[in-house]
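This note's numbering puts the first residue of the sequence shown at 31, with every later residue one more than the last. Below is one structure, written out as structure tokens; comments come after it.
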Amino acid sequence: MMNPREKALAEFQKRFGWKPDFIGRAPGRVNLMGEHVDYNDGFVLPVAIDRTVAIAFSPSDDDCSTILAADFSSEIELDPHHLAARHDRHGQTLAGWALYPAGIQYILREEGLSAPGMRAVVSADIPSGAGLSSSAAIELAFMIAWQTLGGWEQQAAKLAVLAQQAENQYVGVRCGIMDQYASACGLKGHAIFLDCRDLTSRPVALPPDHSFVIADSGVHHSLAAGAYNDRRAACEEAVRLLREWLPDIRALRDVSIDEVENYAARLPDEARQAARHVAGEIERTRRAVEQLEAGDVKGFGSRMLESHASLRDLYQVSCTELDTLVRIAIDLPGCLGSRLTGGGFGGCTVNLVQTELVDAFMDGLKRRYQAKTGIRSQVTICQAVDGAGVVRL
Ligand code: GLA
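If you want it as structure tokens, here you go:
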């Protein structure tokens, strides 16, 4: 089977009749710790992974763009004058994947950055709705393509912020900065410890002799479905209410676990559970990173398990299949930690496993999960790769 790069190149040649000038790639991500805290100004630990969106592209002759999604043979034509209305060149409403390139072009133009017409073909090997940030990867792929054709250059972190704005304002998902940051700023062999308040980050080396394994529950979700935005609203409500006693707080990041408990009885259920999860998860992520950097892989694995329990019981973004995957994983030899990764409500778990036992682990997880649920899980080892980039052909 062709990889996304080969497919994007071959399909470009087929569609337009000549070779593209550039090939770009933007990775998906898996988050190791710090879930549902990025939009609370918290700390996260994502890894850019070897699952990518590839984009083959060349400038077009005018302002308009022709973009083909090779994996599902869907083509759109964008005219900058129709972007604000979320229409294509012919006045038809944009839907689904087309909102991502359109949103990026829209935001760039708002920002005063040149985003000229292009001919492009994209192909990906990131399953959508699996919690591996296929959306952020497609956003970053178009971001770097337009950066190349527009002849401007911005820092990778700034590209991430612009892509997040496109998703928030144009696609309509109120996501945080983690996914776009990981796709833009990933580093080979490392996770990125990111402070989502000021966007400072540092690379954290992945532990030697251990592997991170991604297991897909087979239950896929759409973030736009609303549950994600509801959770975010519960966090904002918690901040609004807590300000009565803690007037200086700006986000749940500013509230300690003890403070949450002091005022817990005065918060409505949803806001209380949200505040408990977020304050706990931020603290846990800081500790987990210290442990990883000190070589305490076992400690890090324990923090992963606590994180899953909090996402399941307090924040309620897990589901039966994810809980089953975690339960099976942790009973298998060599597994030190397991948790859902990404937004939740389905998608994937990430598992920390001793490399010498990883083959048996993957096999055992697949077999037992299928026996329990009837679902065949895709289980893969993830490699940490660099963030998005382009090469001229
Ligand atoms: C999705 C969002 C991220 C983040 C995670 C949960 O992936 O895009 O911004 O909030 O969910 O940690």
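From the three backbone atoms N, C-alpha and C, an ideal C-beta is built for every residue, glycine too.
Identified DSSP bridge partners for residue i
i    : result
N381 : V243 and S368
D225 : F73
P20  : Any property of residue 20 remains undetermined from this structure, which presents the chain solely from 31 to 423.
V420 : G54
H117 : T123
N61  : P76
V327 : Its beta-bridge partners do not exist; DSSP assigns none.
Per-residue DSSP class, three states only, for residue i
i    : result
E107 : strand
A254 : Low per-residue confidence applies at A254: pLDDT is 42, beneath 50, and the placement is therefore not dependable, though the value from the model is reported in the following sentence. Of the three classes helix, strand and coil, the one that applies to A254 here is helix, per DSSP.
M148 : strand
F375 : coil
D80  : strand
L387 : helix
I85  : strand
N198 : helix
Q43  : helix
S158 : coil
A414 : strand
S90  : coil
N33  : coil
S153 : strand
L98  : strand
V409 : strand
R306 : helix
Exposure label - residue i; buried when at least 16 CB within 10 Å
i    : result
P298 : exposed
G404 : exposed
G47  : exposed
H111 : exposed
E41  : buried
P237 : buried
T371 : buried
F122 : This sequence places Gln at residue 122; Phe is not what is there. The residue in question, Q122, is exposed, as its Cβ has fewer than 16 Cβ neighbours within 10 Å.
G219 : exposed
E141 : exposed
Q408 : exposed
G367 : buried
A114 : exposed
S241 : buried
S337 : buried
S165 : buried
C412 : buried
R306 : buried
Cβ shell of residue i (< 6 Å), same chain only, five flanking positions each side left out
i    : result
S153 : P34, K37, A38, A84, A100 and D101
M32  : none
A56  : V83, A167, L170, A171, S213 and A418
E267 : A301
V420 : F52, G54, I174 and T178
A254 : Caution is warranted here: a pLDDT of 42 is assigned to A254, below 50, making its placement in the model unreliable, and the coordinate value is therefore given only provisionally. If we look at A254 and ignore the five residues flanking it on each side, its Cβ neighbours are V203.
Beta-carbon contacts of residue i that lie in its chain and below 8 Å, excluding the five residues immediately before and after
i    : result
E289 : L272, L276 and A309
R232 : I222 and F223
D92  : G147
D155 : N33, P34, R81 and T82
Residues near residue i in its chain [Cβ-Cβ closer than 7 Å; skip 5 each side]
i    : result
W176 : I134, Q135, L138 and A145
C94  : E107, L108, D109, R119 and G147
M173 : I134, L189, L192 and A193
Check whether the stretch 256–276 touches the stretch 53–73, taking contact to mean three or more Cβ pairs, one atom from each stretch, closer than 8 Å. yes
Report yes or no: do three or more beta-carbon pairs, one from the stretch 51–67 and one from the stretch 102–110, lie closer than 8 Å? no
Can you find at least 3 beta carbon pairs, one from the stretch 371–391 and one from the stretch 159–173, that sit closer than 8 Å? yes
Inter-stretch contact at 8 Å, needing at least 3 Cβ pairs: the stretch 179–187 / the stretch 392–400: no
Three or more beta-carbon pairs under 8 Å between the stretch 344–361 and the stretch 242–251, yes or no? yes
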